[in-house]
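> For the sequence shown, my numbering begins at 791 and goes up steadily by one. Beta carbons are placed, not taken as given, at the ideal position from N, Cα and C, and that holds for glycine. All values derive from a computational prediction rather than experimental measurement. This is the structure, below, for whatever I ask next.
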Amino acid sequence: PLVQQQAAEGAILRAQAAFVAYPLDVLKTQVQSGHPRYNRLSRLPCLLKDYKLKIFRGYPGVGANSLLMGGLMFGGYRFFDNFWALYHVPDYWRPAVAGGSIGALCGLAATPLEQVKTIMALQETWLKERKITKRIYSSVHHGAWEAPARLKFYAATPLVIRTALFDSQLFFYNSRLREWVANGGCPPSLHFLVGTVGFMLAGLVAATVNYPFDRVKGHMMGRAFQASIGEQPKESTYGAFAAVVKRHGIGGLFHGLPTRSVLHAVVWCVVGAGR
791 PLVQQQAAEG AILRAQAAFV AYPLDVLKTQ VQSGHPRYNR LSRLPCLLKD
841 YKLKIFRGYP GVGANSLLMG GLMFGGYRFF DNFWALYHVP DYWRPAVAGG
891 SIGALCGLAA TPLEQVKTIM ALQETWLKER KITKRIYSSV HHGAWEAPAR
941 LKFYAATPLV IRTALFDSQL FFYNSRLREW VANGGCPPSL HFLVGTVGFM
991 LAGLVAATVN YPFDRVKGHM MGRAFQASIG EQPKESTYGA FAAVVKRHGI
1041 GGLFHGLPTR SVLHAVVWCV VGAGR
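Structure representation (structure tokens):
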């Protein structure tokens, strides 16, 4: 019952947090795809003005992914924690190993809807710029059903690595924080504040460390549709890394980091407060 409860709570909290932060998610997609107008965090008001309520058109995909990943992340973590305990992984490091294991599974499971969401976030701009004459997918359900597997899993590798790195760090940092609080590191009156802010900071640090993989994931997903129909050459994960570095230098791997940092601050603050 505890595992099911943790899974349900995690799913609901992630979906709620994703809704609150969704405009930032759309902006992050635009920034990583190299849009000249929506190219930094300060352009969020401009994006909201241009998109209006259409900005939430792709949320069902993010919401479904958040339910899936939240349930797997918080429910499945207990399974992997017990699994690695059987293999005598030390208690200190086991949260990182278990988090990385469930993170890799979450990343693979989330790839199809993440790809559809990316296309739906970009197609509104493509319509305005007349790069396409009609929407590629009218809804998340339409994209999830109609998109071929080669498109859905085009950027699976960087997403799996990104999510594994993120969850590994998040659970490790959070376990250290809980241990510190349990040992009397702060007064009981501050437990809620420390837990909420600490969870947010853990998410921020993890999001910063794994950002190059998120950047490459965004690069590949932004070009996946064109690659799937032959308008652009296909890229491997290594090829995408090389293309970003060649065009923008090493610093290009961190282009868009402020947008993602604020996105994760909002998401994990909501999740931390809910927990």
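Hey, which unbroken runs of the alpha helix (DSSP H) at 4 residues or more fall wholly within the region 833-891?
Segments of the alpha helix (DSSP H) lying fully in the region 833-891: 834-841, 849-876.
> Among Y1001, G853, N964, which residue has its Cα nearest to the Cα of V810?
As a position in the sequence shown, residue 810 is number 20, starting the count at 1. Selected option, being the one with the closest Cα: G853.
> Nearest to A894 by alpha carbon, out of R925, L862, T908?
One-based indexing of the sequence shown puts residue 894 at position 104. Answer by Cα proximity: L862.
> By Cβ distance, which residues of its chain are closer than 8 Å to F962, with the 5 residues on each side in sequence left out?
Taking the sequence shown and counting its residues from 1, one reaches residue 962 at position 172. Closer than 8 Å at the Cβ level, and outside the excluded window around F962, lie W883, P885, A886, G889.
> Would you mind stating whether Q820 and Y828 have Cβ atoms separated by less than 7 Å?
What you label residue 820 is simply residue 30 of the sequence shown in a count that begins at 1. What you label residue 828 is simply residue 38 of the sequence shown in a count that begins at 1. Yes.
> Closer than 8 Å is the cut-off here; do at least three beta carbon pairs connect the region 917-924 with the region 943-952?
Short answer: they don't touch.
> Rounded to whole angstroms, what's the CA-CA distance from L980 to V971? Just pull it up for me.
Locating residue 980 in the sequence shown gives position 190, counting from the first residue. Locating residue 971 in the sequence shown gives position 181, counting from the first residue. Straight-line Cα distance between these residues: approximately 10 Å.
> DSSP three-state call for F943: helix, strand or coil?
As a working note, residue 943 is residue 153 in the sequence shown. F943 falls in the coil class under three-state DSSP.
> For A992 and M1011, I'd like the C-alpha separation in whole angstroms.
On the sequence shown, position 202 is the one that residue 992 refers to. On the sequence shown, position 221 is the one that residue 1011 refers to. Each residue's alpha carbon lies about 26 Å from the other.
> If we ignore side chains and look at the alpha-carbon of each, how far apart do H825 and A945 end up?
Your numbering for residue 825 matches position 35 in the sequence shown. Your numbering for residue 945 matches position 155 in the sequence shown. Those two C-alpha atoms are separated by around 19 Å.
> Express the C-alpha separation of G1029 and G785 in angstroms, rounding to a whole number.
Summary: the structure shown does not reach residue 785, with the chain confined to residues 791 through 1065, and so no result is reported for it.
> Around the Cβ of N973, are there at least 16 other Cβ atoms within 10 angstroms (buried) or fewer (exposed)?
Counting from one through the sequence shown, the residue named residue 973 turns up at place 183. Exposed, because fewer than 16 other Cβ atoms sit within 10 Å of the Cβ of N973.
> F1044 lies in the alpha helix (DSSP H); which residues open and close that run?
The residue you call residue 1044 lines up with position 254 of the sequence shown. Note, F1044: premise wrong, no alpha helix (DSSP H); not H, not E.
> Starting from the Cα of A1014, find the closest Cα among A1063, P902, W935 and give me that residue.
By 1-based counting over the sequence shown, the position of residue 1014 is 224. Cα-wise, what sits closest to A1014 is P902.
> May I ask which residues mark the beginning and end of the alpha helix (DSSP H) holding Q1016?
Counted from its first residue, the sequence shown places residue 1016 at position 226. Q1016 -> alpha helix (DSSP H) spans 1001-1018.
> Cβ of T986 within 7 Å of Cβ of A1063?
Locating residue 986 in the sequence shown gives position 196, counting from the first residue. Locating residue 1063 in the sequence shown gives position 273, counting from the first residue. Yes, Cβ-Cβ distance for T986 and A1063 is below 7 Å.
> Rounding to the nearest angstrom, what Cα-Cα distance links V934 and V906 in this structure?
Position 144 of the sequence shown holds residue 934. Position 116 of the sequence shown holds residue 906. The displayed chain sequence assigns Ala, not Val, to residue 934. Cα-Cα distance, rounded: 7 Å.
> Below 7 Å CB to CB, which residues in the same chain sit around S958 once its five sequence neighbours on both sides are set aside?
Along the sequence shown, read from residue 1 onward, the residue named residue 958 stands at position 168. So the list reads A886, G889, G890, G893, once near-sequence residues are dropped.
> Using only the alpha-carbon positions, how far apart do V816 and Q794 sit?
Taking the first residue of the sequence shown as position 1, residue 816 is located at position 26. Taking the first residue of the sequence shown as position 1, residue 794 is located at position 4. Computed Cα separation, rounded: 31 Å.
> Throw me the rounded Cβ distance for the V1056 and L831 pair, which I believe falls under 8 Å.
Stepping through the sequence shown from its first residue, residue 1056 is reached at position 266. Stepping through the sequence shown from its first residue, residue 831 is reached at position 41. The pair is not a contact, with the Cβ atoms about 12 Å apart (cut-off 8 Å).
> How about R833 and M910: are their beta carbons less than 7 Å apart?
Counted from its first residue, the sequence shown places residue 833 at position 43. Counted from its first residue, the sequence shown places residue 910 at position 120. Their beta carbons are not under 7 Å apart, which means R833 does not touch M910 by this criterion.
> Rounded to whole angstroms, what is the Cα-Cα separation between D881 and K818?
Numbered from 1 along the sequence shown, position 91 holds the residue referred to as residue 881. Numbered from 1 along the sequence shown, position 28 holds the residue referred to as residue 818. Roughly 36 Å between the two C-alpha positions.
> Excluding the five sequence neighbours on either side, which residues of its own chain have a C-beta within less than 6 Å of the C-beta of F1003, listed in chain order?
Counting from one through the sequence shown, the residue named residue 1003 turns up at place 213. Closer than 6 Å at Cβ, skipping near neighbours: P948, I951, R952.
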